[in-house]
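Quick mapping for you: the protein sequence lines, in order, are chains Z and B. For the first sequence, the working numbering assigns the number 163 to the initial residue and increments by one for each residue that follows. For the second sequence, the working numbering assigns the number 163 to the initial residue and increments by one for each residue that follows.
2 protein chains.
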Amino acid sequence: MPLAPDSLEPTISIGEILAEVVATTIGSGFSEPIPMIGPFPSGAPTSFLVQCSRIGGSAAMIGAVGDDAFGQLNLERMKREGVDVSGITVDPDLPTGTAFVRYRPDGTRDFVFNLWTSAAGRLAWTDAVDAVVSRAGHLHVVGTVLGVPALWSMVERAAQKVRTRGGTVSFDPNMRKELQSDRKTAARVYAMLAMTDLLLPSGDELLLAAVMPPQNSEEQAIKYLFSLGISEIVIKRGAHGSTAYQMAGGVSHAPAFAVEEIDPTGAGDCFGGAYVATRRLGLSVDQALIYANAAGARNVTRRGPMEGAGSRSELDAFIAGTERITCSS
Amino acid sequence: MPLAPDSLEPTISIGEILAEVVATTIGSGFSEPIPMIGPFPSGAPTSFLVQCSRIGGSAAMIGAVGDDAFGQLNLERMKREGVDVSGITVDPDLPTGTAFVRYRPDGTRDFVFNLWTSAAGRLAWTDAVDAVVSRAGHLHVVGTVLGVPALWSMVERAAQKVRTRGGTVSFDPNMRKELQSDRKTAARVYAMLAMTDLLLPSGDELLLAAVMPPQNSEEQAIKYLFSLGISEIVIKRGAHGSTAYQMAGGVSHAPAFAVEEIDPTGAGDCFGGAYVATRRLGLSVDQALIYANAAGARNVTRRGPMEGAGSRSELDAFIAGTERITCSS
Chain Z
163 MPLAPDSLEP TISIGEILAE VVATTIGSGF SEPIPMIGPF PSGAPTSFLV QCSRIGGSAA
223 MIGAVGDDAF GQLNLERMKR EGVDVSGITV DPDLPTGTAF VRYRPDGTRD FVFNLWTSAA
283 GRLAWTDAVD AVVSRAGHLH VVGTVLGVPA LWSMVERAAQ KVRTRGGTVS FDPNMRKELQ
343 SDRKTAARVY AMLAMTDLLL PSGDELLLAA VMPPQNSEEQ AIKYLFSLGI SEIVIKRGAH
403 GSTAYQMAGG VSHAPAFAVE EIDPTGAGDC FGGAYVATRR LGLSVDQALI YANAAGARNV
463 TRRGPMEGAG SRSELDAFIA GTERITCSS
Chain B
163 MPLAPDSLEP TISIGEILAE VVATTIGSGF SEPIPMIGPF PSGAPTSFLV QCSRIGGSAA
223 MIGAVGDDAF GQLNLERMKR EGVDVSGITV DPDLPTGTAF VRYRPDGTRD FVFNLWTSAA
283 GRLAWTDAVD AVVSRAGHLH VVGTVLGVPA LWSMVERAAQ KVRTRGGTVS FDPNMRKELQ
343 SDRKTAARVY AMLAMTDLLL PSGDELLLAA VMPPQNSEEQ AIKYLFSLGI SEIVIKRGAH
403 GSTAYQMAGG VSHAPAFAVE EIDPTGAGDC FGGAYVATRR LGLSVDQALI YANAAGARNV
463 TRRGPMEGAG SRSELDAFIA GTERITCSS
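Laid out in structure tokens, this is it:
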């Protein structure tokens, strides 16, 4: 079904809240001291919600931070950006999650994480969480939580509650190949797709999400995913722009913006946050795709996973002033 | 009793292994992205042992790291410096501990730790640990482990084993005032003092270690501590040098070296590592004090908690080329 309107209350997400530290030199690994910059507020769901809120959507986060400076950093940023933090638990024992990132010469990344062994992994369904979920209009799910049993059961419970009251669900697979080899996680991908209204895969995730071998075409995957009840599929293609397929019929495409990439982390989350928010606010698929492309592109021009998230007027200015990439393929 | 000679096999220590990231600007807290440098291999026991080994002592570490780049960083450094790492466990689930440090204008520090909730906190007595402890000649204990029940029981067990075979024990209180208010930890300080041969307090820790109110004199504290069976007390006084008291009689003092301080972290650990190693190698108290002062001073001239640890020839050169601080007090 079409995304629930923003008047039906906030878009929520459940998952990791992190402090991120980024190496400022290109290279491999962390085997010697190198210059870095941080901490940046981080986490796929929080980057998504900050962009969602900046562009005018209502947003609320469910997650956990430690009782430390990195937790404060994240809480302050979300508050400043208008994201409701009442569903965030401050864990008295475990620290806020951390991510160290270094870019290699080939554009791939080396990470050192403290993720599900941080406060983020000990999230539980409290009264405060229940209150936020009970008034949510839309749930956005990032694939990372599918590998974590405790968080997955919270996602299932939240999705059921949100859908029961007429809300909708979006799913950004954010999947790595490792996930396929884990049977339990693969089963959760099926369960997730069955309750998804809007699917937001990257180009190479579409077949993974549809659990199809690579010889299948994009059209076959789309057809199969629509048969599961998904109503809208938006494929993120990086420099090749993005394409939206609607079950009701219609394919839209919007070209990418030409920007100098400083830090690609968070581009997909800002894309999703802008797309979900603008659709819920009543914009057309074509308009939403342009804002989503702009949000992703603007975000990569700043270091940090959500430092480039734009307001509607900032994105309007960005759209007016930035060239599109013309791809022949 | 006098420290067991180095021929009786390695000096060991049990405790935290960390990756440390240091902010390169002076200021308060971590509320916004700032330039940093890291990861540096870190941890009070590892800094101690690296200095111990560099100056010619045999050294072995007991601790735990995660199965990640920060664990590798620490293992590689210790191996390179000749510290036996056979007693180090690689935890399959928990990450290597981390410490973020920022210096304030007044010289105090802001920290964000993932310490006992990292792999470091899940250390257990394995066969590999037993093998290392069974051939150890000296155990060095850093006060931080006194607050952690699981590590404290390992320290007690190791101390008993080492002492039974004629080995000795040193104790660097490294105490914060918070510890005093925790009764269980205070009880462990008593237990620790009862099995200590060499006590290495900082100036302001002497009365804390002796659990004496501040109106008591240094002499009263020393007398009390000797009555517990401690045979040697070396007080670290920073710019005021260091003083060694021996139960057998005799007080020695060595002035501090005049250096430009870049990063004070690790100074006390390098001091201790050099002192214990040189004493175990047969040097006199007077000689050991000079090397210990030099090791601490040289270490603060480099960023990172053990980057300035010196070999014997490096420290000889440092001693020959560095002025002493003359204090009037």
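Even glycine gets a Cβ: it sits at the ideal position worked out from N, Cα and C. The structure displayed is predicted, hence computed values, not measured ones.
- Considering only Z:Pro201, Z:Ile384, Z:Ala436, the residue with the shortest C-alpha distance to glutamate 194 (chain B) is Z:Pro201.
- A contact is defined here as three or more CB-CB pairs under 8 Å, and the stretch 313 to 325 of chain B meets this definition with respect to the stretch 345 to 361 of chain B.
- Proline 197 (chain Z) belongs to the set of residues whose beta carbon lies under 8 Å from a beta carbon in chain B.
- Listed in chain order, the beta strand (DSSP E) runs fully inside the stretch 338 to 414 of chain B are 394 to 398, 404 to 408, counting runs of at least 3 residues.
- For serine 209 (chain Z), the nearest beta carbon of chain B is not closer than 8 Å to its own beta carbon.
- The C-beta of leucine 390 (chain B) has fewer than 16 other C-beta atoms within 10 Å across all chains shown, which makes the residue exposed.
- For aspartate 255 (chain B), the chain Z residues whose C-beta falls within less than 8 Å of its own C-beta are Thr279, listed in chain order.
- Distance from the CA of phenylalanine 419 (chain B) to the CA of valine 310 (chain B), rounded to the nearest whole angstrom, comes to 35 Å.
- Secondary structure of asparagine 455 (chain Z) (DSSP, three-state): helix.
- When C-alpha distances from alanine 226 (chain Z) are compared across Z:Gly177, Z:Phe262, Z:Pro267, the shortest belongs to Z:Gly177.
- Interface residue (Cβ-Cβ distance to chain B less than 8 Å): threonine 260 (chain Z) is classified as such.
- Under the 8 Å Cβ criterion, the stretch 210 to 226 of chain B does not count as touching the stretch 260 to 267 of chain Z, having fewer than three qualifying pairs.
- Alanine 298 (chain Z) and alanine 222 (chain Z) do touch by the CB rule: their CB atoms are close to 7 Å apart, below 8 Å.
- By the CB criterion at 8 Å, valine 438 (chain B) and threonine 484 (chain B) fall outside the cutoff.
- Exclusion of the five residues before and after isoleucine 452 (chain B) leaves Ala416 as the residues of its chain whose Cβ lies within less than 6 Å of its Cβ.
- The beta carbon of lysine 323 (chain Z) sits closer than 6 Å to those of Val295, all from its chain and outside the five residues before and after it, given in chain order.
- Judged by DSSP in its simplified three-state form, glutamate 182 (chain B) adopts strand.
- For the pair histidine 300 (chain B) and threonine 173 (chain B), the CB atoms are nearer than the 8 Å cut-off.
- Shown here for alanine 454 (chain B): same chain residues with a beta carbon closer than 7 Å to its own, the five before and five after excluded, namely Ser404, Phe433, Ala436, Tyr437 in chain order.
- Annotation: glycine 328 (chain B) to threonine 488 (chain B) spans about 40 Å, alpha carbon to alpha carbon.
- Against aspartate 230 (chain B), the close residues of chain Z are Val274, in the order they occur along the chain (beta-carbon pairs closer than 7 Å).
- About 6 Å separates the beta carbon of alanine 181 (chain Z) from that of threonine 258 (chain Z), a gap short enough to meet the 8 Å contact definition.
- Fully contained in the stretch 280 to 305 of chain B are the following alpha helix (DSSP H) runs of length 4 or more, in chain order: 289 to 296.
- Excluding the 5 residues flanking it on each side, proline 426 (chain Z) has same chain C-beta neighbours closer than 7 Å at Val462, in chain order.
- Taking C-beta atoms as the reference points, glycine 249 (chain Z) and alanine 290 (chain Z) count as a pair closer than 8 Å.
- Contacts with chain B at 8 Å (Cβ-Cβ) do not include glutamine 377 (chain Z).
- DSSP places glycine 435 (chain B) in the helix class (H, G or I) of the three-state scheme.
- Threonine 251 (chain B) sits away from asparagine 276 (chain B), with the two beta carbons spaced by 8 Å or more.
- Going by DSSP, valine 307 (chain B) is part of no beta strand (DSSP E) at all; its letter is neither H nor E.
- Taking the CA atoms as reference points, glycine 412 (chain Z) sits about 48 Å from phenylalanine 192 (chain B).
- Chain Z places a beta carbon closer than 8 Å to that of glutamine 234 (chain B), counting this residue as a contact.
- Selection Z:Leu355, Z:Phe333, Z:Arg239, Z:Met337 evaluated against methionine 468 (chain Z) yields Z:Arg239 as nearest (Cα-Cα).
- For aspartate 253 (chain B), the secondary structure class from DSSP, reduced to helix, strand or coil, is strand.
- Looking at the backbone, the Cα of aspartate 255 (chain Z) and that of threonine 279 (chain B) are separated by about 8 Å.
- By a beta-carbon distance limit of 8 Å, glycine 244 (chain B) contacts serine 215 (chain B). Their separation comes to about 5 Å.
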